[in-house]
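J.:
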Amino acid sequence: MHVTHLSLHDFRSYADTEVALGPGVTSFIGRNGQGKTNVVEAIDYIARLSSHRVSSDAPLVRFGAEQAVVRAAVVRDERTALLEIEINPGRSNRARINKSPLPKSREMLGMVRTVLFSPEDLALVKGDPSERRRFLDDLLVLRAPRYAGVRSDYDRVLRQRNSLLKTAGAARRSGSGGSRAEAALSTLGVWDTHLARTGAELLAARLALVEELKPLVGKAYEAVARGATRSDATMAYRPSFELPEPTEGPLPDRAVLAEALMAEVERRRSDELDRGVSLVGPHRDELHLMLGPLPVKGYASHGESWSFALALRLASYDLLRAGGDDPILILDDVFAELDTERRERLAEMVADAEQVLVTAAVPADVPAALAGARVLVADGQVTRAD
Amino acid sequence: MYEGVVQDLIDELGRLPGVGPKSAQRIAFHILQADPVDVRRLAEVLIVVKDKVKFCSVCGNVAEDELCRICRDQRRDPAVICVVEESKDVVAIERTREFRGRYHVLGGAISPIEGVGPDDLRIRELMTRLADGVVTEVILATDPNLEGEATATYLTRLLRPMGLRVTRLASGLPVGGDLEYADEVTLGRAFEGRRSVDD
Ligand SMILES: Nc1ncnc2c1ncn2[C@@H]1O[C@H](COP(=O)(O)OP(=O)(O)O)[C@@H](O)[C@H]1O
Ligand SMILES: [Mg+2]
Ligand SMILES: [Zn+2]
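Protein sequences, first through last, are from chains A and B. Position 305, counted from 1, in the first sequence is what UniProt numbering calls 305; the numbers after and before it change by one each time, with no gaps. Position 187, counted from 1, in the second sequence is what UniProt numbering calls 187; the numbers after and before it change by one each time, with no gaps.
Below, the structure is given as structure tokens:
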């Protein structure tokens, strides 16, 4: 898929801006702070309905304005669709496809798929385990939008269950028992069942995803890290409890996982009541990243960490591509960090992608193979250089 | 902030479900500009509804008397009870014309976040109704969202040991949806395809 036209109204630094785009590579060139990332962020927002830079929508709306509107004409399966999103901080967003309003803006998820790499992605490698869990879950949703439902169900089960554990735990500690505490305990079993069911669905999907990603990450790391081989970068999914043996095939299936989760939840009952939080389930899992025998976190150099983060994104791109329509690849500020040889190898890797959007402060940083169309970004203006 | 009584009106409206501060303001100004006769009629209906409408002492549905229309109707099958969260769900199911039994309105769903546990729902009243052995089937028609499912699971565990047939509306209802919004056809088919609950 690719975007052929983008309009921004009161989005970030742009009051009213139109950008014509084509398939292949487009590079956005301009000094820092001129609004390059703002443009690609808008395309990524249309795809994911959230920004990679901020968790709330307010900063996306031009300072002083009430709402932002992003419109994108997208070609997919040889047909053009006009996607529009109205961003209303604090209220619900409104989405339209080909001018007809959608009942819920969330229904637009999956219409456009993007893979974005930006300097913020260093947190994928250096940050908390939650960053890596989100990386996996976001990728699951991109492949199959129904996982957005699984994830939000799971989050809700956790919130309900934690709230119950707090009440029941507090009553147990005060020794008061009482009918409220009894009622809490009697419904805990119900939430256990739901935790095990939705948790197992999420866990099974993540385990399968990691298996598919492993070889792709190795290959991508080899391309972007100096002197690396494809067996250097590896990863392993570490659940919050010991995984059961698979009954058949390489991974345990959902039913087996649900049963194991349930057993573990029962085993940890007392701990959970003491601490008033759910201690078992995919929200406590970790994706371990390793370079050779060493963990990346705490051991790897800045350059190695950065290359690993880029490799994770490139592997995601490969994986999504194998599943059909090419996503839009966005590389925000990547080239400044790479030497000439790595730049060339990265360029080779992505040269045949349907659409690649690149940002760079210095035109010379963008390798010749990726020159493509040039767009100059300066003083809030976006102008095509060709 | 507006002056005195106007702000009071906005505040009151804003406490209604689904009405945010902006809508509250819009409705308030609509009322200020509306025909006094219309506004008086609205005010009267609000008072009368609170005075007259009670909850059925058997099933918990809204009623103008001690018993609701359905509980008074001798033609309704007393052996089957359909358990729903709210009175509005009774209305939705009645529209399908699939169901000829009686109802039981719980008054919500289990939700620890909102401090709603089994004791806060009309579950004890349901157990009392089941005590005389007339009822042989209970249909769980709580909403197809997480809290509705949890409530159904809880009731299943309670009712199964009593030797009753316990069924759950078949899915096909939009996930995360409210029963109230399911269209008649979908809801009707869900009723047809209801299944025994087995966990
Ligand atoms: N909501 C907003 N309203 C107005 N200006 C904004 C808003 N958000 C960001 N900006 C401005 O956008 C600029 C940053 O743009 P960005 O695209 O990140 O730059 P770069 O070209 O370095 O990628 C900053 O000057 C910032 O002040
Ligand atoms: Mg930038
Ligand atoms: Zn009644």
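Where a beta carbon is used, it is the ideal one built from N, C-alpha and C, also for glycine. Since the model is a prediction, treat every value here as computed from it, not as a measurement.
Could you check which residue in B:CYS71, B:THR96 and B:THR156 has the C-alpha nearest to that of ILE139 of chain B?
T.: The residue labelled residue 139 of chain B in the question sits at position 139 within the second sequence. Residue B:THR156 is the option with its Cα nearest to ILE139 of chain B.
J.: Between PHE82 of chain B and ligand 3, is there a pair consisting of the residue's CB and a ligand heavy atom that are separated by less than 7 angstroms?
T.: For this step, residue 82 of chain B is matched to residue 82 along the second sequence. Note that residue 82 of chain B is Cys in the sequence shown, not Phe. CYS82 of chain B Cβ: outside cutoff for every heavy atom of ligand 3.
J.: Helix, strand or coil: how does DSSP classify PRO239 of chain A here?
T.: Here residue 239 of chain A refers to the residue found at position 239 of the first sequence. Looking at PRO239 of chain A - three-state DSSP - the assignment turns out to be coil, as it is neither helix nor strand.
J.: Do the region 122-132 of chain A and the region 42-60 of chain A meet, that is, are 3 or more Cβ pairs less than 8 angstroms apart?
T.: Cβ pair count under 8 angstroms is below three, so no.
J.: Cα separation between ALA204 of chain A and TYR237 of chain A?
T.: On the first sequence, residue 204 of chain A is found 204 positions in, with the first residue counted as 1. On the first sequence, residue 237 of chain A is found 237 positions in, with the first residue counted as 1. Approximately 11 angstroms between the Cα atoms of the pair.
J.: I'd like to confirm something about ASP332 of chain A: is its beta-carbon nearer than 7 angstroms to some heavy atom of ligand 2, or not?
T.: In the first sequence, the residue the question calls residue 332 of chain A occupies position 332. Yes.
J.: How long is the line joining the alpha carbons of ASP199 of chain B and THR153 of chain B, rounded to whole angstroms?
T.: Stepping through the second sequence from its first residue, residue 199 of chain B is reached at position 199. Stepping through the second sequence from its first residue, residue 153 of chain B is reached at position 153. Here the model assigns ASP199 of chain B a pLDDT of 45, short of 50, so the residue's position is not dependable and the matter cannot be decided.
J.: On the criterion of 16 or more Cβ atoms from any shown chain inside 10 Å, does ALA368 of chain A qualify as buried, or is it exposed?
T.: On the first sequence, residue 368 of chain A is found 368 positions in, with the first residue counted as 1. Result: exposed.
J.: Starting from the beta carbon of GLU149 of chain B, find every residue of chain C whose beta carbon is closer than 8 angstroms, and list them in chain order.
T.: No chain C is part of this structure, whose protein chains are labelled A and B.
J.: Can you have a look at VAL166 of chain B and say buried or exposed, based on whether 16 or more other CB atoms are within 10 angstroms of its CB?
T.: Translated into the one-based positions of the second sequence, residue 166 of chain B becomes position 166. VAL166 of chain B counts as buried, since no fewer than 16 other beta carbons sit within 10 angstroms of its beta carbon.
J.: Is the region 181-192 of chain A in contact with the region 227-242 of chain A, if contact means three or more CB pairs nearer than 8 angstroms?
T.: no
J.: Just to check, is the beta-carbon of ILE93 of chain B closer than 7 angstroms to a non-hydrogen atom of ligand 3?
T.: Against the second sequence, residue 93 of chain B aligns to sequence position 93. For ligand 3, not one heavy atom lies less than 7 angstroms from the Cβ of ILE93 of chain B.
J.: Would you list, in chain order, the members of the region 151-163 of chain A that have their beta-carbon closer than 7 angstroms to a beta-carbon of chain B?
T.: ASP153, ARG156, VAL157, ARG159, GLN160 and SER163
J.: SER111 of chain B versus chain A: which residues are under 7 angstroms apart at the beta carbon?
T.: Position 111 of the second sequence, counted from the first residue, corresponds to residue 111 of chain B. What SER111 of chain B touches in chain A: GLN160.
J.: Pick from A:VAL362, A:GLY249, A:GLU286 and A:PRO215: whose alpha carbon is nearest that of SER316 of chain A?
T.: In the first sequence, counting from the first residue as 1, residue 316 of chain A sits at position 316. Nearest option by C-alpha distance: A:PRO215.
J.: Would you kindly report the start and end of the unbroken alpha helix (DSSP H) that includes VAL5 of chain B?
T.: What you label residue 5 of chain B is simply residue 5 of the second sequence in a count that begins at 1. It spans 4-14 - the alpha helix (DSSP H) in which VAL5 of chain B sits, taken as one unbroken run.
J.: Using a Cβ-based criterion (distance less than 7 angstroms to any ligand heavy atom), does PRO239 of chain A qualify as near ligand 1?
T.: Here the question's residue 239 of chain A lines up with position 239 in the first sequence. No - ligand 1 has no heavy atom lying nearer than 7 angstroms to the Cβ of PRO239 of chain A.
J.: Identify the contact partners of MET183 of chain A in chain B, using a Cβ-Cβ distance below 8 angstroms as the criterion.
T.: On the first sequence, residue 183 of chain A is found 183 positions in, with the first residue counted as 1. First, the amino acid is wrong: residue 183 of chain A is Ala here, not Met. GLY117, PRO118 and ASP119, listed in chain order.
J.: Less than 8 angstroms between CB atoms is the rule here; does THR167 of chain A satisfy it with respect to chain B?
T.: If you number the first sequence from 1, residue 167 of chain A lands on position 167. Yes, THR167 of chain A lies at the interface with chain B (some Cβ there is under 8 angstroms from its Cβ).
J.: Write down the C-beta distance between SER278 of chain A and ARG161 of chain A rounded to the nearest angstrom, noting that I regard them as a contact closer than 8 angstroms.
T.: In the first sequence, counting from the first residue as 1, residue 278 of chain A sits at position 278. In the first sequence, counting from the first residue as 1, residue 161 of chain A sits at position 161. Indeed they touch by this definition, with Cβ atoms about 5 angstroms apart.
J.: Are the beta-carbon atoms belonging to VAL366 of chain A and VAL375 of chain A less than 8 angstroms from one another?
T.: By one-based count along the first sequence, residue 366 of chain A stands at place 366. By one-based count along the first sequence, residue 375 of chain A stands at place 375. Their beta carbons are not under 8 angstroms apart, which means VAL366 of chain A does not touch VAL375 of chain A by this criterion.
J.: Check the Cβ of SER174 of chain A against every Cβ in chain B and list those closer than 7 angstroms, keeping chain order.
T.: Within the first sequence, numbered from 1, the residue matching residue 174 of chain A stands at position 174. Ordered by position in chain B, no residue passes the 7 angstroms Cβ test against SER174 of chain A, which lies about 17 angstroms from the chain.
J.: Give the single residue among A:GLU272, A:ASP121, A:ALA360 and A:VAL115 whose Cα lies nearest to the Cα of LEU158 of chain A.
T.: Here the question's residue 158 of chain A lines up with position 158 in the first sequence. That would be A:GLU272, whose Cα lies nearest to the Cα of LEU158 of chain A.
J.: With a cut-off of 8 angstroms, does the C-beta of TYR103 of chain B fall near any C-beta of chain A?
T.: Residue numbering aside, residue 103 of chain B sits at position 103 when the second sequence is read from its first letter. Not one chain A Cβ lies under 8 angstroms of TYR103 of chain B.
J.: For the beta strand (DSSP E) containing residue 446 of chain A, name the first residue and the last one.
T.: As shown, chain A starts at 1 and ends at 386. That puts residue 446 of chain A outside it, with no answer to give.
J.: Rounded to a whole number of angstroms, what is the C-alpha to C-alpha distance between ASP120 of chain B and VAL83 of chain B?
T.: The count along the second sequence starts at 1 and reaches residue 120 of chain B at position 120. The count along the second sequence starts at 1 and reaches residue 83 of chain B at position 83. Their Cα atoms are separated by approximately 15 angstroms.
J.: Check the Cβ-Cβ distances between THR153 of chain B and every residue of chain A, and say whether any is below 8 angstroms.
T.: Within the second sequence, numbered from 1, the residue matching residue 153 of chain B stands at position 153. Cβ-Cβ to chain A under 8 angstroms: yes for THR153 of chain B.
J.: Count the CB pairs spanning the region 184-196 of chain A and the region 291-304 of chain A that are closer than 8 angstroms, and state whether there are at least three.
T.: no
J.: Run through DSSP, which three-state label would SER301 of chain A get?
T.: Here the question's residue 301 of chain A lines up with position 301 in the first sequence. Coil.
J.: Have a look at HIS30 of chain B and ILE97 of chain A and give me their C-alpha separation to the nearest angstrom.
T.: Position 30 of the second sequence holds residue 30 of chain B. Position 97 of the first sequence holds residue 97 of chain A. When the Cα atoms are used, HIS30 of chain B and ILE97 of chain A turn out to be separated by approximately 32 angstroms.
J.: Compute the Euclidean distance between the alpha carbons of ARG76 of chain B and ASN145 of chain B, then round it to the nearest angstrom.
T.: Taking the second sequence and counting its residues from 1, one reaches residue 76 of chain B at position 76. Taking the second sequence and counting its residues from 1, one reaches residue 145 of chain B at position 145. Approximately 29 angstroms, taken between the alpha carbons.
J.: Expressed to the nearest angstrom, what Euclidean distance is found between the alpha-carbon atoms of LEU202 of chain A and GLU286 of chain A?
T.: Reading the first sequence from its first residue, position 202 is the one you call residue 202 of chain A. Reading the first sequence from its first residue, position 286 is the one you call residue 286 of chain A. Between LEU202 of chain A and GLU286 of chain A, the C-alpha separation is close to 13 angstroms.
J.: Report the residue from A:SER92, A:ARG106, A:LEU243 and A:GLU84 whose alpha carbon sits nearest the alpha carbon of SER100 of chain A.
T.: Residue mapping note: residue 100 of chain A aligns to position 100 of the first sequence, counting from 1. For SER100 of chain A, the nearest C-alpha among the options comes from A:GLU84.
J.: Measuring straight from C-alpha to C-alpha, what distance separates VAL112 of chain A and ALA65 of chain A?
T.: The residue given as residue 112 of chain A occupies position 112 in the first sequence. The residue given as residue 65 of chain A occupies position 65 in the first sequence. Approximately 26 angstroms between the Cα atoms of the pair.
J.: Using 7 angstroms as the cut-off, classify the Cβ of THR114 of chain A as near or not near the heavy atoms of ligand 2, replying yes or no.
T.: Locating residue 114 of chain A in the first sequence gives position 114, where the first residue counts as 1. No.
J.: Which residues in the same chain as VAL40 of chain A place their Cβ atom closer than 8 angstroms to its Cβ, once the five residues preceding and following it in sequence are excluded?
T.: Mapped onto the first sequence, residue 40 of chain A falls at position 40. Closer than 8 angstroms at the Cβ level, and outside the excluded window around VAL40 of chain A, lie PHE28, LEU116, ILE330, ASP332, LEU357 and THR359.
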